[in-house]
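Chains Z and W, in that order, are what the protein sequence lines are. Just so we're aligned, residue 1 is where the first sequence starts under our numbering, counting upward by one. Just so we're aligned, residue 480 is where the second sequence starts under our numbering, counting upward by one. Note that beta-carbon positions come from the ideal geometry of N, C-alpha and C, so glycine has one too.
There are 2 protein chains.
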Amino acid sequence: MTTSALLTDLYQLTMLAGYHARQMHEQPAVFDLYFREPPYRGSYAVFAGLQPALDYLSQLQFQTEDLTYLASLELFEDSFLSWLSGFRFTGRVLAPAEGTPVFPHTPLLSVEGKLAEVQLVETALLNIINFQTLVATKAARLCQAAGQASVVEFGLRRAQGPDGALSVARAAAVGGVGATSNLLAGRTFGLPVKGTQAHSWIMAFDNELEAFRAYAQCFPASCVLLVDTYDTLKSGVPNAIKVAQELREKGFELLGVRIDSGDLAWISRKARQMFDDAGFPQVKILASNDLDEELIDAIRHDGGRVDIYGVGTRLATCAGEGGGALGGVYKLVEINGRPTLKATSDPAKASLPGRKSLYRVQDRQGRALFDLIALRGEQIDCGDKVFDPGNPARNQIIPAGSQLVDRRHLVFASGIYCEEAEPLDVMSRRCREQLVRLPEGSLRLVNPHRYKVSISQGLLQLRQRLLAAIEEQNLGTEI
Amino acid sequence: MTTSALLTDLYQLTMLAGYHARQMHEQPAVFDLYFREPPYRGSYAVFAGLQPALDYLSQLQFQTEDLTYLASLELFEDSFLSWLSGFRFTGRVLAPAEGTPVFPHTPLLSVEGKLAEVQLVETALLNIINFQTLVATKAARLCQAAGQASVVEFGLRRAQGPDGALSVARAAAVGGVGATSNLLAGRTFGLPVKGTQAHSWIMAFDNELEAFRAYAQCFPASCVLLVDTYDTLKSGVPNAIKVAQELREKGFELLGVRIDSGDLAWISRKARQMFDDAGFPQVKILASNDLDEELIDAIRHDGGRVDIYGVGTRLATCAGEGGGALGGVYKLVEINGRPTLKATSDPAKASLPGRKSLYRVQDRQGRALFDLIALRGEQIDCGDKVFDPGNPARNQIIPAGSQLVDRRHLVFASGIYCEEAEPLDVMSRRCREQLVRLPEGSLRLVNPHRYKVSISQGLLQLRQRLLAAIEEQNLGTEI
């Protein structure tokens, strides 16, 4: 899928026109993409969306119809539109690998290049990374809640349009959700597709048993029955058991049943018992109906016997406190070799200026201790003092024997990818493996341990110097 | 944009294969699309998404690559795939016009045709109508909160992928949001596009005044300045006043300023005073930063002087209590001429069976009294008793002199549209005009008057008869 070059905010184009008119458009500049709060009141986010973001950068160009539209706005000079017709993204991108757990204030993408090109791509990069990271994080939380059970994505009907649904399926896979109901996503990303039947199937027949038999006849080897159209335990499960017996006589086994309403913990336990008693322990129980990580956790806590959780609405819409949107931002951190920052009323919340490196500080067993943001090229050693960016009076020492692992690498340069595209299952494995290496309590769904992010001495000093300069300038304005 | 025929849940295809195998696929069937709870804890939703839904229906067909993919799943017979290759949607669709305020349990789309075709389109119709209706409703709430001020959509960077953002811009326009920052949406839907500059523009210059002057030089006739990069009232507004003076000397007027942080009520009031005192009463104040209808309402209540509200994240993600997703469902209500319903543990919540008409009951002044759902063709007169579907013991009389306005019409039949596509501004005018005719208190943002929806005697009796039959059948199963 090619993303249109017009998929951007008007202000990107007015700024570009301004830079072009003043001959600033080729000044070297660096932007950092980061977020300030982890979603869902958790401790982490799962980085996702890099590949689609790089696809966008590699394909970015203005078509004739785009330029005709821009000319029709009567805002832009012909010389600017002519320059835009030859526009390509030729910059460099540093990023973590998809599936990596990431934390507030740490630079995810750093985009380096000519001012015009690194500015223009802001909106689309945020659109792609914000949403996919948000979904991957939700998916990781769901999988964590589900424990040994698996999670399937059913969100197409509640997603934001066709493409939103595709992004959901892809990012959910990065976060560990193994299959989708969305056929287009299945084809596009090579994901396993799952599905059974709707209540309308059951209602299209004279009665439930007839509907079950009809389905089993068509799909004897992959039969999952929806058992809650009339009464799950009085009608649905007994009828499913009849069909399981009939299938077995023909040499097939009923795969499972889906329960889409009621008290899922209690009903799944009863249904499990009924299938086991009838000699069908292989029948899997799939539960759906507005599921979320908290509800899955509660069902397991209450002794529910669910093998597969189907999650739709709340995954596709990233529902939950602190969900809905990842507040990712894209900030200029250097221009013409001069580091910059965006001040705020609270100096501790000012952005982190300059080109930076992002390290994960690990102990000898490979367990993550904290993340460290340092200036690019700054020498960092064990024993160095590092600082809480929100409150520099709080500091700590990098423990002896720690490893500093650079979390990012060059992924795009000169218009091409620096690495081969990774399969989604490599990303989801990375996610799973790295999440368990976080400090104890970091994965708790509610009120987790807050993973520490520190800044280096060099970065702290640079920020303080720039804040002092702004303060002086503001005072100057006042006089 | 053509929507792939694969944009559906796998279960639609397995059900279709089953219907096809049993030669049920051409049985006449009717589905209703409706929702159960109004979003955002309001009283209404604004119906939107019809045109894109009809575009989908008119274009729906399986391409060779789609069929190849389906064959690779090893679930489907060749005879079914061969039938699928000739599939077209030939059914009929009844719907309200976009921009119409609609209410819980009332049928929005009714889709009538052969069982296979009306079943297959479920997922895509829900995807399109659910999301656009949710956004249009949010937009209407925002416009209502803004009063005389206008609202602009800035949500591209937080939307669910490129297409999600396009849907947002379109549906926001239906709900009354007059402009967007999204250039692609501007071109696609002919919407006005708006935008100024980012903080990065300001930071790319040595100081704020220089950045303002550079922008004003490029866009003297359409200059809006972002004034909060350093200190809004000490630096941003004084510098904007300097530039306004310089523009005036050249024969131009500064259009406005944007404030993106801080206490927007207080700062906008102070900024208004500063511009007025300096002789620039024409300068408009645009506010942004995580705005929502509640916040806009609070800013106005606190004496804020904002002319334009820029809303991004919370519009694009439909944030808010009861937001995030419209729980629209698509239920089989008739098959082979036999009305059907989906029972639940609470009989009052059972779906409404059969082919139905939806009326708005209005008084002589055209004010809406309540909505009435009746059987198609059922004779309804003033003086008739009508019933609360959740509690039929509660009933009321259709007042003498009321008008019954049929809320829906035939919009699609035999593969083609029955009406010309409407411009978005016709829809948004309809929305505005019909919202003010709702009963007093219906538009309150918080805890509004709940608009009544009633069912006719005929519909009530049909539902009771079907529920009794299911009850009997369940008892039968138990024995």
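What number of angstroms, rounded off, separates the C-alpha of residue i from the C-alpha of residue j?
i, j, result
"F731/W", "L704/W", "14 Å"
"P439/Z", "D363/Z", "11 Å"
"T8/Z", "L67/Z", "14 Å"
"G164/Z", "A48/Z", "14 Å"
"E471/Z", "K673/W", "32 Å"
"Q676/W", "D710/W", "16 Å"
"G401/Z", "V361/Z", "10 Å"
"T100/Z", "N130/Z", "14 Å"
"E957/W", "F275/Z", "For E957/W, the pLDDT reaches just 39, beneath the cut-off of 50, and the residue's location in the model is therefore unreliable, although a value from the coordinates is still provided. Cα to Cα, the separation comes out at about 16 Å."
"G441/Z", "L424/Z", "27 Å"
"L291/Z", "A298/Z", "11 Å"
"P586/W", "K835/W", "8 Å"
"A690/W", "G377/Z", "31 Å"
"T313/Z", "E122/Z", "28 Å"
"G147/Z", "R923/W", "44 Å"
"L39/Z", "E321/Z", "The identity of residue 39/Z in the sequence shown is Pro, whereas the question assumes Leu. C-alpha separation (whole angstroms): 8 Å."
"G741/W", "R571/W", "53 Å"
"L404/Z", "E772/W", "46 Å"
"E596/W", "E74/Z", "46 Å"
Less than 8 Å separating the beta-carbons of residue i and residue j?
i, j, result
"V257/Z", "L295/Z", "no"
"Q506/W", "N815/W", "yes"
"R430/Z", "A159/Z", "no"
"A618/W", "G655/W", "yes"
"K169/Z", "E153/Z", "According to the sequence displayed, residue 169/Z carries Ala and not Lys. Cβ atoms of A169/Z and E153/Z: closer than 8 Å."
"L54/Z", "Y417/Z", "yes"
"K342/Z", "H678/W", "yes"
"S933/W", "L837/W", "no"
"S79/Z", "P448/Z", "no"
"R187/Z", "Y548/W", "yes"
"Q59/Z", "T3/Z", "yes"
"L811/W", "A508/W", "yes"
"A71/Z", "T133/Z", "no"
"I267/Z", "L315/Z", "no"
"V808/W", "Y513/W", "yes"
"S167/Z", "G640/W", "yes"
"A350/Z", "L467/Z", "yes"
Let me make sure I understand the geometry here. Which of the options has the alpha-carbon closest to that of residue i?
i, options, result
"F891/W", "T482/W, V672/W, A574/W and A650/W", "A574/W"
"A723/W", "Q952/W, W745/W and Q696/W", "Q696/W"
"R768/W", "E857/W, Y535/W, A650/W and G634/W", "First, the residue type needs correcting, since residue 768/W is Asn and not Arg in the sequence shown. For N768/W, the nearest C-alpha among the options comes from G634/W."
"A900/W", "L512/W, G789/W and P531/W", "P531/W"
"P717/W", "I859/W, L613/W, P699/W and K749/W", "K749/W"
"A17/Z", "R929/W, S747/W, G894/W and W680/W", "W680/W"
"S629/W", "P671/W, V600/W and G592/W", "P671/W"
"D32/Z", "V311/Z, L375/Z and C418/Z", "L375/Z"
"S428/Z", "C318/Z, G366/Z and V174/Z", "V174/Z"
"A948/W", "N207/Z, A116/Z, I241/Z and G324/Z", "N207/Z"
"G491/Z", "D263/Z, D78/Z, H449/Z and E37/Z", "Past the edges of chain Z, shown from 1 to 479, lies residue 491/Z, and the structure says nothing about it."
"R432/Z", "H105/Z, L247/Z, Q144/Z and Y34/Z", "Q144/Z"
"R692/W", "Q952/W, N870/W, K721/W and R916/W", "K721/W"
"L536/W", "S893/W, L946/W and L645/W", "S893/W"
"G833/W", "L848/W, E813/W, F849/W and Q844/W", "E813/W"
Please indicate yes or no: does the CB of residue i lie closer than 7 Å to some heavy atom of the ligand ATP?
i, result
"I129/Z", "Questions concerning the ligand ATP fall outside what the structure shown contains, since it holds no ligand whatsoever."
field: Runs of beta strand (DSSP E) lying entirely within the segment 765 to 792 of chain W, each at least 3 residues, in chain order
entry: 787 to 790
- prompt: Quick check: the segment 373 to 391 of chain Z against the segment 449 to 461 of chain Z, are there 3 or more CB pairs under 8 Å?
  reply: yes
task: Flag this pair as touching only if the segment 486 to 504 of chain W and the segment 182 to 189 of chain Z have three or more C-beta atom pairs under 8 Å; answer yes or no.
output: yes
task: Pair every Cβ in the segment 753 to 765 of chain W with every Cβ in the segment 601 to 611 of chain W, then say whether three or more of these pairs are closer than 8 Å.
output: Under the three-pair Cβ rule at 8 Å, the segment 753 to 765 of chain W does not count as touching the segment 601 to 611 of chain W.
query: With a cut-off of 8 Å, do at least 3 Cβ pairs link the segment 784 to 801 of chain W to the segment 561 to 568 of chain W?
result: no
message: Quick check on the DSSP output: what are the complete beta strand (DSSP E) runs of length 3 or more inside the segment 862 to 889 of chain W, in order along the chain?
response: Listed in chain order, the beta strand (DSSP E) runs fully inside the segment 862 to 889 of chain W are 864 to 866, 874 to 876 and 882 to 885, counting runs of at least 3 residues.
- request: Could you tell me which uninterrupted alpha helix (DSSP H) segments, each at least 4 residues in length, are contained entirely in the segment 40 to 126 of chain Z, listed from first to last along the chain?
  value: 50 to 59, 64 to 72, 78 to 85 and 115 to 120
- prompt: Curious, which full-length alpha helix (DSSP H) runs of at least 4 residues does the segment 115 to 197 of chain Z contain?
  reply: 115 to 120, 122 to 146, 161 to 174 and 183 to 189
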